[in-house]
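Residue numbers (our numbering): 2 to 242.
One structure is given here, and the rest of the page talks about it.
Written out as structure tokens, the structure is:
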């Protein structure tokens, strides 16, 4: 696959694009809240983080379509299943699930206990009550993130960084780190402990997902499905708050 057709800056811009978009859309929500006279608008904007990520996902998908088109490719070619490697991919997929799901769940709870002393504090900070209509709309966030997040970091950025810097392992570390670190800005709550928790909570899973996709790029559509299902479970947490 030719990964050098796009401008050299594009992979680096896409690397930080989601973090920047998180901040941008949260700022827009904060401005709207300010206009309606809501006190502590920035803090209140964090309540609407599922909308921030939904808007970011839509923007990310648009950007992916554009940057792939510049290279003469179609976005859906990158995320399609490979019939030629189906059986081997399924084996890799099931093994990856056994390792990956605990890596996605356990570190966040352990880190919450280490920083806050419990897991309920972080849950309360992240999952604040929202209207019923907002809860329903929030399910669009996991649906769209499947097509936005992993394709950005590992379908587009990682192979192009590898081609630029001539080191696939460094590219894996960079892409994985930025995938994990972006959560600091989703939402950006001005509490150092919360930011630290968000920074570290998904780093192990991000490194693992990146490693799997470095070794087996054809697993991308499979991990996209799992990613969506994981985030459906995240939205369901609202039923408990």
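Glycine residues also receive a C-beta, built at the ideal position from the N, C-alpha and C atoms.
It should be emphasised that the depicted structure is a prediction, and the values quoted were computed from it without experimental measurement.
Cβ contact check for the region 85-102 and the region 45-63: 3 or more pairs under 8 Å: Cβ pair count under 8 Å is below three, so no.
CA nearest to the CA of residue 175, picked from 35, 208, 228 and 152: Here the question's residue 175 lines up with position 174 in the chain shown. Answer by Cα proximity: 208.
Euclidean distance between Cα positions of residue 195 and residue 42: Here residue 195 refers to the residue found at position 194 when the chain shown is read from its first residue. Here residue 42 refers to the residue found at position 41 when the chain shown is read from its first residue. Distance between the alpha carbons of residue 195 and residue 42 is about 18 Å.
Contact set for residue 147: own chain, Cβ-Cβ below 7 Å, skip 5 residues either direction: On the chain shown, position 146 is the one that residue 147 refers to. So the list reads 225, 226, 228 and 229, once near-sequence residues are dropped.
Same chain, Cβ closer than 6 Å to residue 223, neighbours up to 5 away in sequence not counted: What you label residue 223 is simply residue 222 of the chain shown in a count that begins at 1. Same-chain partners within the cutoff: 94.
Extent of the continuous alpha helix (DSSP H) to which residue 110 belongs: Sequence index remark: in the chain shown, residue 110 carries index 109 (1-based). Segment 87-117, the alpha helix (DSSP H) holding residue 110.
Distance between residue 102 and residue 232 (C-alpha atoms, nearest Å): Your numbering for residue 232 matches position 231 in the chain shown. Your numbering for residue 102 matches position 101 in the chain shown. Roughly 12 Å between the two C-alpha positions.
Segment limits, alpha helix (DSSP H) that includes residue 20: As a position in the chain shown, residue 20 is number 19, starting the count at 1. Its alpha helix (DSSP H) spans residues 10-36.
Backbone CA spacing between residue 66 and residue 149 [nearest angstrom]: Indexing the chain shown from 1 puts residue 66 at position 65. Indexing the chain shown from 1 puts residue 149 at position 148. Spanning the two alpha carbons is a distance of roughly 10 Å.
Meets three-Cβ-pair contact criterion under 8 Å: the region 201-215 and the region 167-186: Three or more beta-carbon pairs separated by less than 8 Å link the region 201-215 to the region 167-186, which places the two stretches in contact.
Endpoints, alpha helix (DSSP H) assigned at residue 78: Residue numbering aside, residue 78 sits at position 77 when the chain shown is read from its first letter. DSSP places residue 78 inside the alpha helix (DSSP H), whose first and last residues are 76-79.
Residue 63, buried or exposed, once every other Cβ within 10 Å from all chains shown has been counted against 16: What you label residue 63 is simply residue 62 of the chain shown in a count that begins at 1. The residue in question, residue 63, is exposed, as its Cβ has fewer than 16 Cβ neighbours within 10 Å.
Buried or exposed by the 16-neighbour rule on C-beta atoms within 10 Å, applied to residue 77: As a first step, residue 77 is located in the chain shown; it is residue number 76 there, counting from the start. Here residue 77 is exposed, its C-beta having fewer than 16 other C-beta atoms within 10 Å.
Alpha-carbon to alpha-carbon, residue 120 and residue 114: The residue you call residue 114 lines up with position 113 of the chain shown. The residue you call residue 120 lines up with position 119 of the chain shown. The straight-line gap from Cα to Cα measures roughly 6 Å.
Where residue 229 sits in the DSSP three-state scheme: Taking the first residue of the chain shown as position 1, residue 229 is located at position 228. In the structure shown, residue 229 falls within a helical segment according to DSSP collapsed to helix, strand and coil.
C-beta contact flag for residue 140 and residue 214 at 8 Å: Here residue 140 refers to the residue found at position 139 when the chain shown is read from its first residue. Here residue 214 refers to the residue found at position 213 when the chain shown is read from its first residue. For the pair residue 140 and residue 214, the CB atoms are not nearer than the 8 Å cut-off.
Backbone CA spacing between residue 46 and residue 34 [nearest angstrom]: Counted from its first residue, the chain shown places residue 46 at position 45. Counted from its first residue, the chain shown places residue 34 at position 33. C-alpha separation (whole angstroms): 7 Å.
Beta carbon of residue 202 nearer than 8 Å to that of residue 132: Start at 1 with the first residue of the chain shown, and residue 202 comes out as number 201. Start at 1 with the first residue of the chain shown, and residue 132 comes out as number 131. Not in contact: residue 202 and residue 132 (Cβ atoms no closer than 8 Å).
Opening and closing residue of the alpha helix (DSSP H) in which residue 183 lies: Indexing the chain shown from 1 puts residue 183 at position 182. Run containing residue 183: none; DSSP gives neither H nor E here.
Assigned secondary structure, residue 67 (DSSP; H/G/I helix, E/B strand, else coil): What you label residue 67 is simply residue 66 of the chain shown in a count that begins at 1. Assigned with DSSP and collapsed to three states, residue 67 falls in helix.
Counted within 10 angstroms of its Cβ, other Cβ atoms place residue 134 as buried (16 or more) or exposed: Counting from 1 along the chain shown, the entry for residue 134 is found at position 133. Exposed: under 16 other Cβ atoms inside 10 Å.
Residue 111 versus residue 48 - alpha carbon distance: On the chain shown, residue 111 is found 110 positions in, with the first residue counted as 1. On the chain shown, residue 48 is found 47 positions in, with the first residue counted as 1. Residue 111 and residue 48 have their C-alpha atoms some 24 Å from each other.
Residue 245: first and last residue of the uninterrupted alpha helix (DSSP H) it sits in: Only positions 2 to 242 of the chain appear in this structure, which leaves residue 245 out of reach.
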